[in-house]
Amino acid sequence: MKRGEARGGGGMGVLAAGWGFVGGRWVEGVEVRHERGAILSVRRVRGAGRGVILLPGLVNAHAHLELTFLAGELRPAPFPEWAGRLMEERAKRGPREIEESLREGIRLSVGHGTAAVGDFAWQSRNDALRQSGLRAVSWREALGIAPGRAGEAARRALGFLERRTATWTPGLAPHAPYSCSRELYRLLHAAAARARVPFATHLSELQEEIEYLRTGGGAFAAMLRRLGRDTGGWRPPGRRPVAYLAEAGVLRGATVAHANYLTARDVATLRRARAAVVWCPRTHAFFGHPAHPARRLLRAGVPVALGTDSLGSSPSLDVRAEIRAATERGFTLDEALTMATKHGARALGLRRAGRIAPGCAADFTIVAGESPADALAGAVTGVMVAGRRVTA
Ligand SMILES: [Zn+2]
Numbered sequence: 008m009k010r011g012e013a014r015g016g017g018g019m020g021v022l023a024a025g026w027g028f029v030g031g032r033w034v035e036g037v038e039v040r041h042e043r044g045a046i047l048s049v050r051r052v053r054g055a056g057r058g059v060i061l062l063p064g065l066v067n068a069h070a071h072l073e074l075t076f077l078a079g080e081l082r083p084a085p086f087p088e089w090a091g092r093l094m095e096e097r098a099k100r101g102p103r104e105i106e107e108s109l110r111e112g113i114r115l116s117v118g119h120g121t122a123a124v125g126d127f128a129w130q131s132r133n134d135a136l137r138q139s140g141l142r143a144v145s146w147r148e149a150l151g152i153a154p155g156r157a158g159e160a161a162r163r164a165l166g167f168l169e170r171r172t173a174t175w176t177p178g179l180a181p182h183a184p185y186s187c188s189r190e191l192y193r194l195l196h197a198a199a200a201r202a203r204v205p206f207a208t209h210l211s212e213l214q215e216e217i218e219y220l221r222t223g224g225g226a227f228a229a230m231l232r233r234l235g236r237d238t239g240g241w242r243p244p245g246r247r248p249v250a251y252l253a254e255a256g257v258l259r260g261a262t263v264a265h266a267n268y269l270t271a272r273d274v275a276t277l278r279r280a281r282a283a284v285v286w287c288p289r290t291h292a293f294f295g296h297p298a299h300p301a302r303r304l305l306r307a308g309v310p311v312a313l314g315t316d317s318l319g320s321s322p323s324l325d326v327r328a329e330i331r332a333a334t335e336r337g338f339t340l341d342e343a344l345t346m347a348t349k350h351g352a353r354a355l356g357l358r359r360a361g362r363i364a365p366g367c368a369a370d371f372t373i374v375a376g377e378s379p380a381d382a383l384a385g386a387v388t389g390v391m392v393a394g395r396r397v398t399a
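Take 8 as the starting number for the sequence shown in the working numbering and just add one per residue.
In structure tokens form, the structure reads like this:
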């Protein structure tokens with residue numbers, strides 16, 4: 008996006024590494040100069056920085072850091088049952104515990120070498136991420152399936168649209184098509200376009216979602232009845248999730264979490280809408296979904312980023328573990344790293360991040376190691392955002 012994201016950072020600096028992941032390839036011996044938060048130059052220097060691996064800042068493109076308190080609490084279960092347990096656990100926590108949980112999520116993220124995070128926020132304020140030093144989008148989540156209450160739900164979310172900073176951006180995120188009305192999607196998509204902030208949603212994640220949109224029945228209908236939620240005359244669109252949002256005019260430029268179930272037509276629709284997809288490999292495995300269509304999406308030209316999702320479904324907030332999981336599912340290390348850097352930046356709406364190149368943001372993940380093979384296993388020795396060290 009905006010020039011600001013590659014500026015406003017620390018002073019001048021030089022980084023030397025034995026290996027750097029530059030432009031999607033491994034380069035031996037690199038020296039990177041940066042100034043005021045942006046990369047000035049990248050050059051090969053034989054014998055530079057032995058024992059250091061320099062990666063573009065790793066991006067966790069889908070997280071719910073305020074749910075960090077869920078670590079180890081929830082076991083795999085059919086999604087509606089799992090979501091019910093999540094809501095029960097969340098209801099036990101007060102605002103202060105939620106803020107502390109978010110801060111713990113930030114600390115863990117930095118420790119794992121994350122430089123940028125796309126975070127869905129429901130209860131927490133923006134402050135913790137805005138002040139963290141991480142590059143972040145705080146996507147304010149909205150909920151409300153009753154069409155008549157869309158205005159109220161949208162107003163609540165819009166109340167969190169604070170001014171962006173050099174490293175932090177607010178965003179808007181209707182939760183999912185089974186929990187938000189078409190009206191709410193439209194209000195927030197239009198508001199995000201007006202405010203020029205990123206727009207995200209969960210989409211085509213579940214078979215139950217596909218059924219609910221097709222017939223209005225199934226496990227989600229039962230769950231909403233059990234919770235006593237007013238659906239206020241919501242009618243199933245009788246469409247698949249991707250087609251539904253595209254026809255509602257709210258898919259353009261969206262960042263879509265999951266997209267686990269896609270037809271060939273869905274893939275083409277996502278590409279035409281210039282949407283980005285976030286695949287969360289370990290959460291995907293937690294729920295036992297069939298193989299993710301990441302390869303088909305990439306072939307069609309849809310960027311696929313990586314995310315952890317919350318600790319309610321992921322064993323850790325470690326993006327490198329997601330990269331490893333992607334390599335175990337047929338992607339090369341370079342492909343998976345590209346997903347977690349270049350495509351991650353794209354999913355967060357950042358044009359000048361996710362790459363080690365002149366003019367891009369001076370965001371780096373620094374790892375100890377002698378060769379590219381150590382990139383996922385070596386100790387994280389530093390995270391830099393806009394030319395500044397971020398400390399946990
Ligand atoms: Zn999520």
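For every residue, glycine included, the Cβ atom is placed at its ideal position computed from N, Cα and C.
- Taking Ala-307 as the centre and dropping the five residues before and after it, the same chain places the C-beta of Val-274 and Arg-278 closer than 6 Å to its C-beta, in chain order.
- About 12 Å separates the beta carbons of His-265 and Ala-312, which is beyond the 8 Å limit, so they are not a contact pair.
- Contact fails between the stretch 43-57 and the stretch 189-206, because fewer than three Cβ pairs, one in each stretch, are under 8 Å apart.
- With contacts defined as CB atoms closer than 8 Å, Leu-61 and Phe-293 fail to qualify as a contacting pair.
- Assignment of beta-bridge partners to Phe-227 by DSSP yields no partner.
- In terms of CA proximity to Glu-148, Arg-162 leads the group Pro-244, Arg-162, Glu-106 and Arg-353.
- For His-291, no beta strand (DSSP E) run applies; the uninterrupted alpha helix (DSSP H) run containing it begins and ends at 288-293, by DSSP.
- At a cut-off of 7 Å, the beta-carbon of Ala-264 counts as near ligand 1: some heavy atom of the ligand is closer than that.
- When the five nearest sequence neighbours on each side are left out, the beta carbons in the same chain lying within less than 7 Å of the beta carbon of Val-29 are those of Val-37, Val-49 and Ile-363, in order along the chain.
- In this structure, ligand 1 has a non-hydrogen atom nearer than 7 Å to the beta-carbon of His-69.
- Contact between Ile-152 and Thr-238 holds: CB atoms are separated by about 5 Å, below the 8 Å threshold.
- DSSP places Asp-126 within a strand segment (E or B) once states are collapsed to three.
- Listed as beta-bridge partners of Phe-371 by DSSP are Pro-63 and Met-391.
- Check the Cα spacing between Leu-77 and each of Ile-105, Gly-64 and His-69: the tightest is with Ile-105.
- Here the alpha carbons of Leu-81 and Pro-322 stand approximately 10 Å from one another.
- Per the DSSP secondary-structure output, Ile-46 pairs in a beta bridge with His-41.
- In this structure, DSSP gives Glu-377 a state outside helix and strand, which the three-state scheme calls coil.
- If you look at Trp-175, you'll find it in the beta strand (DSSP E) that goes 175-181.
- Counted as a single uninterrupted DSSP element, the beta strand (DSSP E) harbouring Thr-208 occupies residues 207-210.
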